[in-house]
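Structure first, commentary second.
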C-alpha cells in the first residue's frame, strides 16, 4: 500500500495529521534524491531567467541502460486507446517493449504491429513525483509526425475526473502534442473528466523547426498562471483561474497514434519499426514562495510606513479584494505612504494598477517608485479616491523599465476633489503589469519619421489572385494570400542607411484575430498576433497599424510574412521608422531607461563625472558618450549638425531654444518618462524661451521637435 492509500485508512484526525506531517517531510527529502547525479549542478532552464531562489527537485538525464523505476512508471495498455480511422489505425497500445534508454536518451519507439495496429511508448511519474507548481523542462526530438504518430509532454492530476467546472482540483495539461506536420503545435487544458462534463481550452502556437532536431519545451506553473515555452520563448499563457490547477500533478512523456490529420501515412508503412522520439532530459525547479511571480499584491500583506502625524492601519472591508485594505488618514497635501520591498520577478517594462475604495472624505494621490536609494521616479497619473457614496476605483500608473528586484512604491496626497472633506486614501491591491519586451505602443506618440515604405503589391507573393482592390488601402490595392495554402509575402528591398534598431509598421486589415510569422533577413522575428481591425474592406473597413522593433543592416534588407495552414491578415503596406532613441544601445528606449549611459548611476542622480560605457553612442566621435559629453543629455542629430541649441540643461523650469540655421516653424511636444504628453508649443522665432508647465516632478522629459518631414528628439532634465 503506498503512502497516499495508507493515509486514507486512518479516521482519527490526530493520527492523520501526524502521518501527513511525516509524509510531507519524507516527500521533501525524497524529492532531493530524485535529482540525477549527472545533471550539471549549474543547470539552468534554456533561455529563461528564473528570478528567485529556485531549487532543482527532480531530474533525469537518461544516461543509464534502463529506466529508473523510482522516478518513472512504464505504461502497458490493458485495452486499445482511441482508434484513428482516418489513418487506418483501428487500435493502438502503449507497450513496455517500446520504452528504453540508449546513448543518453529515453527512447519512445513507434511500431506497426499489424496492418491496423500501432504500439508506442509511454512513461509517467505517477506516485513517484507529483507536485503543484514549478518550472518543468524537457528536451525532445519528436517522432516523425508524418508517419501517423505524435509525441507529447503532458501532465495529469489524480482528481482530474472530479466535476467542479474548474482545473483547481486537477487537469490534463498538454504542453504540446506534435499531431500536425506544420511548424506549429497546440496546448490543451482538459478538465472535469472525459465524459459529458468535459471542458477543454486549446491554444495553438508556432514551433519553428519542430520536425528537425532537439527542442526544449517548458511549463512555468504558479498558483496564478501556466506559461508554456518553446526553445526558451514564451508562447502561451493561461491566467484565468478556471484553467490553473492548484493540486499536485505527475509528468507524462509519450508518443501515440496521431489525430491531427488523415491519410495513408500509417497504412503504407511496413510491419515493424516506424519511428521514435528521443528525450534528452527532464528537469524540474521549484520555489518555496511563488508570490513574487503573482501579478497581484494585496497591500495589507506588505510592509508599509507613513509619516508621524498621519495614521495608517489595516482595516476590514467586505468590498476589498481580500476582505482587508490599508487606510491612510492623511491630513494635507504631501502626506504619503510607502509600500516596501515589492518583488519584481523579471527585468522589463512595468505598469501598476492600483485598486482602492472611495468615499466623500478621501483625496487624490500620485505614485512614484524608488529606482535607487532616495531617488524616486514619479508617474504622472492621479487616482481620485472621492465619491459621494462608498465605491471602488482603480488607476494605472507607469510605465518604466526596471531590473528584477524589490522596489518601494510611494503614494503621495496631491490634493482633493472640490467636494471632498479630506485627504484620506484607501489602498486595496496593486497589480503589476510587466513585459520582458519593449511595447512600442507605449511610445506611439513619439515615433520618428518614416524612412522607407513598401506597398504590398510591389513585393513578391504567392497566389495568382492575391492582388485585390480596396478603396481604403493606401494605393487602392492590397494583398490577400488566403486563397493558397502556403502564404508568403516578401519585401526584398528594405533600405536603411545604417545598422541599428528600427520600428516596423505594418498596415493591414482583418475581420478577426490572425497570426503571421515574420522573418527579417531570413531570421525568425516573431509569430505576430494581428488583432482584429474591425470589418473587412467590402464593408467599409479601415486599415490598422501594428508596430514592432526590428534590427536592420545598413543597405538592403528582406522582411517576409509567412503562414502555412490557416488564414493570415490582408496586407496593405509596411514602413520603417526611426525607433525611439536608445542612447546607450542597451535595448531600453531612453524614455524608459533610468540609467541612460549605463554607468550604474541613475540619470536623476548622475552629474556625468563618471566615465561612460564604451559601447554607448558617441555622435560626434570625440571619445565621450553622448550622455556625458559636452552636449550632456543630447540624443539627436541637431547637435552634431549644430542646427539647434538648448540651454540650460539640466533646467529648473525655463528653457531657451535657439533654432540657429533651422528656418522653418518648429512644433515642440514635451513628453514625460511614461510617454504622456505634458505640453505642446509652436516655435516661430529664431530664439524662444519657454517655461515648463507648473507642477511637473523632477526627472527626465523628452522634447520632440517636428519640422515638415524631419523629427528630432532631445532629453531634458528638470531639477528643483
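Residue numbers (mature numbering (1 follows the signal peptide of the UniProt record, and there is no 0)): -30 to -1, 1 to 690.
Beta carbons are placed, not taken as given, at the ideal position from N, Cα and C, and that holds for glycine.
Remember, it's a predicted structure, so these values are computed and weren't measured experimentally.
- Query: Under a three-way DSSP split, which group does residue 210 fall into?
  - Reply: In the chain shown, the residue the question calls residue 210 occupies position 240. Reduced to three states, the DSSP call for residue 210 is coil.
- Query: Should residue 431 and residue 386 be called a contact, given that it needs their Cβ atoms to be closer than 8 Å?
  - Reply: Position 461 of the chain shown holds residue 431. Position 416 of the chain shown holds residue 386. Cβ distance not < 8 Å, so residue 431 and residue 386 don't count as in contact.
- With a threshold of 16 other CB atoms inside 10 Å of the CB of residue 512, please say whether the residue is buried or exposed. Sequence index remark: in the chain shown, residue 512 carries index 542 (1-based). Exposed, since its Cβ has fewer than 16 Cβ neighbours within 10 Å.
- Query: Are the stretch 618 to 628 and the stretch 645 to 662 touching, with three or more C-beta to C-beta distances below 8 Å?
  - Reply: yes
- Span separating the alpha-carbon of residue 210 from that of residue 265: The residue you call residue 210 lines up with position 240 of the chain shown. The residue you call residue 265 lines up with position 295 of the chain shown. In a straight line, the C-alpha of residue 210 is about 13 Å away from that of residue 265.
- When the Cβ atoms of the stretch 116 to 128 are set against those of the stretch 268 to 283, are three or more pairs found closer than 8 Å? no
- Please name the residue, chosen from 110, 676, 370, 42, that lies closest to residue 94 on a Cα-to-Cα basis. Working through the chain shown from its first residue, we reach residue 94 at position 124. Ranking 110, 676, 370, 42 by Cα distance to residue 94 puts 42 first.
- Message: Applying the 10 Å Cβ sphere with the 16-neighbour rule, what's the burial state of residue 142?
- Response: The count along the chain shown starts at 1 and reaches residue 142 at position 172. So residue 142 ends up on the buried side.
- Query: Less than 8 Å separating the beta-carbons of residue 540 and residue 490?
  - Reply: In the chain shown, the residue the question calls residue 540 occupies position 570. In the chain shown, the residue the question calls residue 490 occupies position 520. No.
- Between the CA atoms of residue 362 and residue 326 - distance to the nearest angstrom: Position 356 of the chain shown, counting from 1, holds the residue named residue 326. Position 392 of the chain shown, counting from 1, holds the residue named residue 362. Going from the Cα of residue 326 to the Cα of residue 362 covers about 6 Å.
- Item | Rounded C-alpha distance that separates residue 64 from residue 472 | Mapped onto the chain shown, residue 64 falls at position 94. Mapped onto the chain shown, residue 472 falls at position 502. Their Cα atoms are separated by approximately 52 Å.
- CA-CA distance, residue 395 and residue 466? The sequence position of residue 395 within the chain shown is 425, counting from 1. The sequence position of residue 466 within the chain shown is 496, counting from 1. About 52 Å.
- Task: Express the C-alpha separation of residue 447 and residue 427 in angstroms, rounding to a whole number.
- Result: As a first step, residue 427 is located in the chain shown; it is residue number 457 there, counting from the start. As a first step, residue 447 is located in the chain shown; it is residue number 477 there, counting from the start. Approximately 7 Å, taken between the alpha carbons.
- Rounded to whole angstroms, what's the CA-CA distance from residue 196 to residue 207? Just pull it up for me. Taking the chain shown and counting its residues from 1, the one referred to as residue 196 is at position 226. Taking the chain shown and counting its residues from 1, the one referred to as residue 207 is at position 237. Taking the straight line joining both Cα atoms gives about 6 Å.
- Message: At the level of alpha carbons, what is the spacing between residue 167 and residue 101?
- Response: As a first step, residue 167 is located in the chain shown; it is residue number 197 there, counting from the start. As a first step, residue 101 is located in the chain shown; it is residue number 131 there, counting from the start. Near 25 Å, if we compare the C-alpha coordinates of residue 101 and residue 167.
- Message: Helix, strand or coil, according to DSSP, for residue 66 in the structure here?
- Response: Looking up residue 66 in the chain shown gives position 96. Helix at residue 66.
- Message: On a Cα-Cα basis, can you pick out the residue from 246, 351, 12 that is closest to residue 182?
- Response: What you label residue 182 is simply residue 212 of the chain shown in a count that begins at 1. Nearest of 246, 351, 12 to residue 182, Cα basis: 246.
- Query: Rounded to whole angstroms, how far is the Cβ of residue 13 from the Cβ of residue 26, which I believe are closer than 8 Å?
  - Reply: The count along the chain shown starts at 1 and reaches residue 13 at position 43. The count along the chain shown starts at 1 and reaches residue 26 at position 56. Confirmed, about 7 Å.
- Through-space distance from residue 331 to residue 205, alpha-carbon basis: Numbered from 1 along the chain shown, position 235 holds the residue referred to as residue 205. Numbered from 1 along the chain shown, position 361 holds the residue referred to as residue 331. Near 46 Å, if we compare the C-alpha coordinates of residue 331 and residue 205.
- Would you call the stretch 440 to 456 and the stretch 498 to 511 touching, i.e. three or more CB-CB distances under 8 Å? yes
- Item | Length-filtered (4 minimum) alpha helix (DSSP H) runs lying within the stretch 271 to 343 | none
- Query: Which class does residue 117 belong to by DSSP, given the choice of helix, strand or coil?
  - Reply: Counting from 1 along the chain shown, the entry for residue 117 is found at position 147. Residue 117 falls in the helix class under three-state DSSP.
- Item | Burial state of residue 284 (16 or more Cβ within 10 Å) | For the purposes of this step, residue 284 is taken as the residue at position 314 of the chain shown. Burial call: exposed.
- Query: Under three-state DSSP, which class holds residue 178?
  - Reply: Position 208 of the chain shown, counting from 1, holds the residue named residue 178. Residue 178 sits in coil when the DSSP states are folded into three classes, being neither helix nor strand.
- Query: Three-state secondary structure (DSSP) at residue 635?
  - Reply: For the purposes of this step, residue 635 is identified with residue 665 of the chain shown, where counting begins at 1. Coil at residue 635, not helix or strand.
- Message: For a test of the three-state rule: what should DSSP assign to residue 677, helix, strand or coil?
- Response: Here residue 677 refers to the residue found at position 707 when the chain shown is read from its first residue. Here residue 677 sits in strand by DSSP.
- Item | Contact under 8 Å by Cβ, residue 477 with residue 399 | Residue mapping note: residue 477 aligns to position 507 of the chain shown, counting from 1. Residue mapping note: residue 399 aligns to position 429 of the chain shown, counting from 1. No, they are not a contact pair.
- residue 328 to residue 452, Cα distance in whole Å? As a first step, residue 328 is located in the chain shown; it is residue number 358 there, counting from the start. As a first step, residue 452 is located in the chain shown; it is residue number 482 there, counting from the start. Computed Cα separation, rounded: 52 Å.
- Message: Can you list, in chain order, the residues of its chain with a C-beta nearer than 6 Å to that of residue 90? Leave out the 5 residues immediately preceding and following it.
- Response: By 1-based counting over the chain shown, the position of residue 90 is 120. Sequence-distant Cβ neighbours of residue 90 in its own chain, meaning closer than 6 Å and more than five residues away, are 64, 68, 80, 225, 226.
- Return yes when the Cβ of residue 243 is within less than 8 Å of the Cβ of residue 57, no when it is not. Position 87 of the chain shown, counted from the first residue, corresponds to residue 57. Position 273 of the chain shown, counted from the first residue, corresponds to residue 243. No; because the gap between Cβ atoms is not below 8 Å, this pair is not in contact.
- Message: Closer than 8 Å is the cut-off here; do at least three beta carbon pairs connect the stretch 340 to 349 with the stretch 312 to 319?
- Response: no
- Query: When the Cα atoms are used, what is the spatial distance from residue 516 to residue 300?
  - Reply: Along the chain shown, read from residue 1 onward, the residue named residue 516 stands at position 546. Along the chain shown, read from residue 1 onward, the residue named residue 300 stands at position 330. Whole-angstrom Cα-Cα distance: 44 Å.
- Task: Verify whether the separation of the beta carbon atoms of residue 230 and residue 150 is less than 8 Å.
- Result: The sequence position of residue 230 within the chain shown is 260, counting from 1. The sequence position of residue 150 within the chain shown is 180, counting from 1. Going by C-beta atoms, residue 230 is nearer than 8 Å to residue 150.
- Message: Can you look up residue 512 in the DSSP assignment and give me helix, strand or coil?
- Response: Mapped onto the chain shown, residue 512 falls at position 542. Three-state DSSP puts residue 512 in coil, outside helix and strand.
- Task: Go ahead and label residue 684 buried or exposed: buried means 16 or more other beta carbons lie within 10 angstroms of its beta carbon, across all protein chains shown.
- Result: Here residue 684 refers to the residue found at position 714 of the chain shown. Residue environment: residue 684 is assigned as buried (16 or more neighbouring CB atoms within 10 Å of its CB, all protein chains considered).
- Query: Looking only at DSSP bridge pairs, what is residue 500 linked to?
  - Reply: Here residue 500 is taken as the residue at index 530 of the chain shown, counted from 1. DSSP lists 484 as partners of residue 500.
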